[in-house]
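Chemist:
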Amino acid sequence: MGTQVFHDGESDRGHRAAWWAGRIAIYGALSLWAFICLFPIFWTVTTSFKMAPDVMKGNILPWWDFRPAWLGWRSLGLSPDTIGTVSTPRDEFMKRFMNSVVISVSASTLAVVLGSLAAYGLSRFSYRFGPMKNPDISFFFLSQLILPPVVLALPFLVLYKSLALLDSRVGLILLYTLTVLPIVIWIMRDQFAGIPTELEEAAMVDGLSIWGAFLTIVLPIALPGMVAAFILSLVLTWNEYFFAALLTSTHANTLPVMVASQTGSQGISWWSMAALSTAAIAPLVVVGVLLERYIIKGMAAGAVK
Amino acid sequence: MAGSGDLLHVVTNDNLPARRVALGRLVMNAAAAILILVAAAQIADAQGWVDLGFANWRPTLYAYVLWGFAFCWGQVLTRGEQGKRALFVLPAALFVVSMVVFPLLFGLVIAFSDWNLSSPDGRRFNGLANIRQMWGDPFYWNALLNMVWYTLAIAVEYAIAFGLALLLNAQIVARKFWRVAFLLPLMLSPVAVSWMVGKSMLEPRFGPIARLARTLGWENPSFFASPEMARLSIMVMDAWTFIPFMMIMILAGLQAIPRELHEAARVDGASGWRTFWEVTFPLMLPVSVTAILIRIIFKLKIADIIINVTSGGPGGATDSVTSFIFREYRDRSNVGYGTLLAMVYLVLIVIAMTLLMKLADRWMRPRH
Chain W
1478 MGTQVFHDGE SDRGHRAAWW AGRIAIYGAL SLWAFICLFP IFWTVTTSFK
1528 MAPDVMKGNI LPWWDFRPAW LGWRSLGLSP DTIGTVSTPR DEFMKRFMNS
1578 VVISVSASTL AVVLGSLAAY GLSRFSYRFG PMKNPDISFF FLSQLILPPV
1628 VLALPFLVLY KSLALLDSRV GLILLYTLTV LPIVIWIMRD QFAGIPTELE
1678 EAAMVDGLSI WGAFLTIVLP IALPGMVAAF ILSLVLTWNE YFFAALLTST
1728 HANTLPVMVA SQTGSQGISW WSMAALSTAA IAPLVVVGVL LERYIIKGMA
1778 AGAVK
Chain F
227 MAGSGDLLHV VTNDNLPARR VALGRLVMNA AAAILILVAA AQIADAQGWV
277 DLGFANWRPT LYAYVLWGFA FCWGQVLTRG EQGKRALFVL PAALFVVSMV
327 VFPLLFGLVI AFSDWNLSSP DGRRFNGLAN IRQMWGDPFY WNALLNMVWY
377 TLAIAVEYAI AFGLALLLNA QIVARKFWRV AFLLPLMLSP VAVSWMVGKS
427 MLEPRFGPIA RLARTLGWEN PSFFASPEMA RLSIMVMDAW TFIPFMMIMI
477 LAGLQAIPRE LHEAARVDGA SGWRTFWEVT FPLMLPVSVT AILIRIIFKL
527 KIADIIINVT SGGPGGATDS VTSFIFREYR DRSNVGYGTL LAMVYLVLIV
577 IAMTLLMKLA DRWMRPRH
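So this is what it looks like as structure tokens:
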């Protein structure tokens, strides 16, 4: 507000009014968009506590419009009164949930390991695979991002069938690793480029090998980037639906497949669908709230050169 | 990323003992021999020349994995320090090549055949019949056209994302809260979104959005009845989940702009509006182009929401290429035709993306 000094009282007040108007506009816009972002989540969580008439009337506010009930959670076997008893829906749900956890965590770990190694190599040494040099190799890895899943889906269906990998966790883990690998390499390349090579040179003068220097000196510095890449991979693999729907049937299907398979059948029971959706999105909402810093860091990598 | 010369200089001792090199060769050759033998035995078994009782192709897969490890080890043995360097990139490269190049080549074979997975006949080569079928398939062309519409919607998403990034970059309190709130839609799975928003909130009778529309004077709100409306609803849902992604990339770009530039503009007497168009926006071009290109790449994969909310309807109006092929396979379990459609789509994407990147490159060059 450097120019303000030169204004007199009359226009000064006008200035302040404009400032207040600006504040109100900014916070109004922020609140509006926050509402747009949060309302669907709020709606899903509250619907899981509604009974049929509440759903039909479109009641919104709990304790005001309707009395929360455990209907939706009971149908999943996760309400307080059913949690101690034996429940087939809950076993089914837990099985899918564990599939999702195992598959997304393993795929993300594998992708971060493979991707970090490759990104480190590409940022430090010059390679030559046939006619391909470093920029070509980097491009080869990153170009996988363009590949739409549908191109690989049907060949993999046939290949997995003959390899007996259909409907197996391993099959999905391998595919998911492939889909997130370019993103990991993208993030990690940026990360390693920011670490000065003098660090490794000093370590190697002290007698460490390349791998020793990488594991003991570089990795700890690059850890935040690896966490960012891991979490971003986790989000993508946890939510993946297309491959899971095509390649799994009974044993290895993940939560998104379970959610999707409920929608058509037996008329929609809104409360149980809401409970299921809530349970499916809850882990990532928690991750998003707690680790927002890393997610933003991961997505911002490469945006600013 | 210099093309030649290592960034990290290592003094290497390339005096490898001859026995070590020989051992490395032996390891690599033995593993390759095992792979070839197992594969040959499996092929012979599959063709029915000999009966070795293989249930599936797993043995070949194991032999291939063994070869992969042996190859990496052999590199270290035969090439010493150079081999240890190659070991950084080699695993990822082997993984991607075996997971992409091989299936793509295999896909090319499938694309020119008639292969119904549920019938016992197996694969039959049918030449160009699939291409001819594609040429006369109005639904496929319609799906391609829809992809153009979906991609164009990115312009609006970009404008909103830019606005939100500017808001988050302004002087505000509780910045972290707003950022987390704006980020959350990205964390939700498209399948859950299609249920939460598509099925539940857009429900014409009691969904909250339908009720809002009714209060605003739209008598019979239906979001998936007319083709245009259905397409728009899908676009809105997809935008809802992906706007945070562009927003964060743009926000990162905004935060990298030095404050002094804005102060200088203000001292020169430029209004906020002019500062934005003449300082901020031009500086944001490279980031914007990156964000939009990545967003296009993700947009071209759109499928989950469409499969789960409209399954392409009404009359294919909301079909994306991916959802169309998905249904094509689900309904007829013919992998041949679906693979051809996917291959054609891939070729179109690669051409379009190459053109776009070239254009973006040329457009941005004078500003460097």
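Residue numbers (my numbering), protein chains in the order written: chain W, 1478 to 1782; chain F, 227 to 594. Positions of the beta carbon are idealized from the N, C-alpha and C atoms, including for glycine.
Are the CB atoms of E1717(W) and P1733(W) nearer to each other than 8 Å?
Modeler: If you number the first sequence from 1, residue 1717(W) lands on position 240. If you number the first sequence from 1, residue 1733(W) lands on position 256. Yes, the pair counts as a contact, with Cβ atoms nearer than the cut-off.
Chemist: So, does the region 1541–1552 of chain W touch the region 1686–1693 of chain W, judging by three or more C-beta pairs under 8 Å?
Modeler: no
Chemist: Can a CB atom of chain W be found closer than 8 Å to the CB of Y384(F)?
Modeler: Translated into the one-based positions of the second sequence, residue 384(F) becomes position 158. Not an interface residue.
Chemist: Whole angstroms are fine: how far does the CA of R284(F) sit from the CA of P1640(W)?
Modeler: Numbered from 1 along the first sequence, position 163 holds the residue referred to as residue 1640(W). Numbered from 1 along the second sequence, position 58 holds the residue referred to as residue 284(F). According to the sequence shown, residue 1640(W) is Leu rather than Pro. So the two alpha carbons sit approximately 5 Å from each other.
Chemist: Given that a residue counts as buried once 16 or more other Cβ atoms are within 10 Å of its Cβ, and exposed if not, what is G1671(W)?
Modeler: Start at 1 with the first residue of the first sequence, and residue 1671(W) comes out as number 194. Classification of G1671(W): exposed, given that the 10 Å Cβ count is below 16.
Chemist: Which residue wins for smallest C-alpha separation from Q1825(W), given the options L585(F), F321(F), F432(F) and F280(F)?
Modeler: As displayed, chain W neither begins before 1478 nor continues past 1782, which places residue 1825(W) out of reach and without an answer.
Chemist: Quick one: give me the first and last residue of the alpha helix (DSSP H) that I1694(W) is part of.
Modeler: For this step, residue 1694(W) is matched to residue 217 along the first sequence. Counting along the chain, I1694(W) falls outside any alpha helix (DSSP H), and DSSP gives it neither H nor E.
Chemist: Alpha carbons only, please: which of M463(F), G479(F), L428(F) and K402(F) is nearest the one belonging to P601(F)?
Modeler: Nothing can be reported for residue 601(F): it is not among the residues displayed for chain F, which extend from 227 to 594.
Chemist: Going by the beta-carbon positions, is the gap between L1594(W) and R1666(W) smaller than 8 Å?
Modeler: Residue 1594(W) sits at position 117 when you count from the first residue of the first sequence. Residue 1666(W) sits at position 189 when you count from the first residue of the first sequence. No; because the gap between Cβ atoms is not below 8 Å, this pair is not in contact.
Chemist: Going by alpha carbons, who is nearest to M677(F) out of W299(F), I551(F) and T516(F)?
Modeler: Residue 677(F) lies beyond the stretch modelled for chain F, which goes from 227 to 594, so this question has no answer here.
Chemist: Tell me which residue opens and which closes the alpha helix (DSSP H) that T1727(W) is part of.
Modeler: In the first sequence, residue 1727(W) corresponds to position 250, counting from 1. Run containing T1727(W): none; DSSP gives neither H nor E here.
Chemist: Verify the CB distance criterion: does V1628(W) have a CB-CB separation below 8 Å to chain F?
Modeler: Position 151 of the first sequence, counted from the first residue, corresponds to residue 1628(W). By this cut-off, V1628(W) is an interface position.
Chemist: Spell out whether any CB of chain W is found under 8 Å from the CB atom of W589(F).
Modeler: For this step, residue 589(F) is matched to residue 363 along the second sequence. Cβ-Cβ to chain W under 8 Å: no for W589(F).
Chemist: Show which residues of chain F have a CB atom less than 7 Å away from the CB atom of M1786(W).
Modeler: In the structure as shown, chain W begins at 1478 and stops at 1782. Residue 1786(W) is therefore absent and cannot be evaluated.
Chemist: Determine the burial state of Q397(F): buried for a count of at least 16 other Cβ atoms within 10 Å of its Cβ, exposed for fewer.
Modeler: If you number the second sequence from 1, residue 397(F) lands on position 171. With fewer than 16 Cβ atoms within 10 Å of its Cβ, Q397(F) is classed as exposed.
Chemist: Out of W404(F), P346(F), L313(F) and A256(F), point me to the one whose CA is closest to A289(F)'s CA.
Modeler: Residue mapping note: residue 289(F) aligns to position 63 of the second sequence, counting from 1. Checking every option, the nearest Cα to that of A289(F) belongs to A256(F).
Chemist: Would N342(F) count as contacting chain W if we go by Cβ distances under 8 Å?
Modeler: As a working mapping, residue 342(F) is identified with position 116 in the second sequence. No, N342(F) does not count as interfacial toward chain W.
Chemist: Using a C-beta to C-beta distance shorter than 7 Å, which residues of chain C count as neighbours of Y1771(W)?
Modeler: Among the protein chains in the structure shown, which are W and F, there is no chain C.
Chemist: From the DSSP secondary-structure annotation, give me the bridge partner or partners of R350(F).
Modeler: Position 124 of the second sequence holds residue 350(F). R350(F) is bridged to D340(F).
Chemist: Between the region 417–435 of chain F and the region 1745–1760 of chain W, do three or more beta carbon pairs fall short of 8 Å?
Modeler: yes
Chemist: List, in chain order, every chain W residue whose beta-carbon is nearer than 8 Å to that of G333(F).
Modeler: What you label residue 333(F) is simply residue 107 of the second sequence in a count that begins at 1. Chain W residues near G333(F): V1628, L1629, L1631 and P1632.
Chemist: Using the three-state DSSP reduction, which class does S230(F) fall into: helix, strand or coil?
Modeler: Here residue 230(F) corresponds to residue number 4 of the second sequence, with the count starting at 1. Interpretation of S230(F) is limited by its pLDDT of 43, a score under 50 that renders its predicted location unreliable; no figure is taken from the coordinates.
Chemist: Which chain F residues sit within Cβ distance under 7 Å of V1635(W)?
Modeler: Sequence index remark: in the first sequence, residue 1635(W) carries index 158 (1-based). Chain F residues near V1635(W): I336 and V561.
Chemist: Any beta-carbon of chain W closer than 8 Å to the one on I422(F)?
Modeler: Position 196 of the second sequence, counted from the start, is the residue given in the question as residue 422(F). A small fix is needed here, since residue 422(F) is Met in this sequence, not Ile. It does: the Cβ of M422(F) has a partner Cβ on chain W nearer than 8 Å.
Chemist: How about P1517(W): is its C-beta nearer than 8 Å to some C-beta of chain F?
Modeler: What you label residue 1517(W) is simply residue 40 of the first sequence in a count that begins at 1. It does; some Cβ of chain F falls within 8 Å.
Chemist: Which residues mark the beginning and the end of the alpha helix (DSSP H) in which K425(F) is found?
Modeler: Reading the second sequence from its first residue, position 199 is the one you call residue 425(F). Looking at the DSSP string, K425(F) is not in any alpha helix (DSSP H), and its letter there is neither H nor E.
Chemist: Under 8 Å, Cβ to Cβ, is there at least one residue of chain W near A256(F)?
Modeler: Stepping through the second sequence from its first residue, residue 256(F) is reached at position 30. So no, A256(F) is outside the interface.
Chemist: Roughly how many angstroms separate the alpha carbons of A1424(W) and R1601(W), rounded to a whole number?
Modeler: Any answer about residue 1424(W) is impossible in this case: the structure gives chain W only from 1478 up to 1782.
Chemist: Leaving out the 5 sequence neighbours to the left and right, which residues in its chain are closer than 6 Å to G1592(W) when beta-carbon positions are compared?
Modeler: Within the first sequence, the letter at position 115 stands for residue 1592(W). Excluding sequence neighbours, G1592(W) sits near L1658, V1661, I1662 and M1665.
Chemist: Give me the Cα-Cα distance between A1756(W) and Y366(F), rounded to the nearest whole angstrom.
Modeler: Looking up residue 1756(W) in the first sequence gives position 279. Looking up residue 366(F) in the second sequence gives position 140. Whole-angstrom Cα-Cα distance: 36 Å.
Chemist: Measure the C-alpha to C-alpha separation of L242(F) and P317(F) and round it to an integer number of angstroms.
Modeler: Locating residue 242(F) in the second sequence gives position 16, where the first residue counts as 1. Locating residue 317(F) in the second sequence gives position 91, where the first residue counts as 1. So the alpha carbons of these two residues sit roughly 23 Å apart.
Chemist: Whose C-beta lies closer than 8 Å to the C-beta of S1742(W) among residues of the same chain, with five residues either side of it excluded?
Modeler: Residue 1742(W) sits at position 265 when you count from the first residue of the first sequence. Caution applies to S1742(W), whose pLDDT of 48 falls short of 50 and renders its modelled position unreliable; the model cannot decide the point.
Chemist: Is T565(F) close to chain W, meaning its C-beta is less than 8 Å from at least one C-beta of that chain?
Modeler: As a working note, residue 565(F) is residue 339 in the second sequence. Yes - at least one Cβ of chain W is within 8 Å of the one on T565(F).
Chemist: Could you check how far apart the C-beta atoms of Y571(F) and N356(F) are, in whole angstroms? I think they sit under 8 Å.
Modeler: Start at 1 with the first residue of the second sequence, and residue 571(F) comes out as number 345. Start at 1 with the first residue of the second sequence, and residue 356(F) comes out as number 130. So it is not a contact: roughly 13 Å between Cβ atoms.
Chemist: How about I1580(W) and Y1653(W): do their beta carbons lie closer than 8 Å?
Modeler: Against the first sequence, residue 1580(W) aligns to sequence position 103. Against the first sequence, residue 1653(W) aligns to sequence position 176. In contact: I1580(W) and Y1653(W) (Cβ atoms closer than 8 Å).
Chemist: Between which residues of its own chain and L343(F) is the CB-CB distance below 7 Å, once the five residues before and five after are set aside?
Modeler: For this step, residue 343(F) is matched to residue 117 along the second sequence. When the five nearest sequence neighbours on each side are left out, the beta carbons in the same chain lying within less than 7 Å of the beta carbon of L343(F) are those of S559 and V561, in order along the chain.
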